[in-house]
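The structure under discussion appears below in the form of structure tokens.
Numbering (the working numbering), first residue to last: 8 to 171.
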């Protein structure tokens, strides 16, 4: 199963984004070098990218991702999160093919909704997980009912014996 790559140099921001995406699987990177390593190794379904990264900024990282995508004939969905959102900046990012732009602080529910929109497989995986959880809960409830029935039968037998 693929995952969402969350790239942000601030640990608290990464944790908040990952938590907001749950139960979707996510991997984290704190800088461009780590992000590229994970991008090439894991081939994430969606990238969430902060622009204010140290050393290599988010726009440069986005350009590298797009060059890689062109060579493979694909386009990895990229959602940008940033503390600033000037019109010129957003226009430049749109030219680079971003799939969403969120100004910090990000609403986790809206971000997760956008990720699910861009990653159709995520809905299927969640539905499978929910189905498995419901199945497990159903088995547990059935086991509880069986133990209650046994207790009830024993109680009835004891009452009959006491009546005699």
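Heads up, the beta-carbon is just placed ideally off N, CA and C, and yes, glycines get one too.
Of all alpha-carbon atoms in 111, 40, 34, the one lying nearest the alpha-carbon of residue 89 is that of 111.
Rounded to the nearest whole angstrom, the C-alpha separation of residue 73 and residue 99 is 14 Å. Annotation for residue 34: no alpha helix (DSSP H) segment contains it, though the beta strand (DSSP E) segment containing it runs 33-36. When DSSP assignments are scanned along the segment 15-76, the uninterrupted stretches of beta strand (DSSP E) that are 3 or more residues long and fall wholly within it turn out to be 33-36, 53-57.
Taking a 10 Å sphere around the C-beta of residue 21, we find 16 or more other C-beta atoms and assign the residue as buried. Annotation for residue 97: the continuous alpha helix (DSSP H) segment containing it runs 94-102. For the options 47, 51, 92, 77, the alpha carbon positioned closest to that of residue 113 is the one of 92. Residue 108 places its beta carbon less than 8 Å from that of residue 97. Per DSSP, residue 88 is not a residue of any alpha helix (DSSP H); the beta strand (DSSP E) it occupies stretches across 85-89.
Between residue 29 and the set 62, 120, 71, the nearest pair of CA atoms involves 120. Excluding sequence positions up to five before and after residue 70, its CB lies within less than 7 Å of the CB of 103, all in the same chain and listed in chain order. DSSP places residue 110 in no alpha helix (DSSP H) but in the uninterrupted beta strand (DSSP E) bounded by 107-110. Non-local C-beta neighbours of residue 16 in its own chain, meaning closer than 8 Å and more than five positions away in sequence, comprise 37, 38, 57, 59, 60, 61, ordered along the chain. For residue 10, there is no enclosing alpha helix (DSSP H), as DSSP marks it with neither H nor E.
Around the beta-carbon of residue 42, 16 or more other beta-carbon atoms lie within 10 Å, marking it buried.
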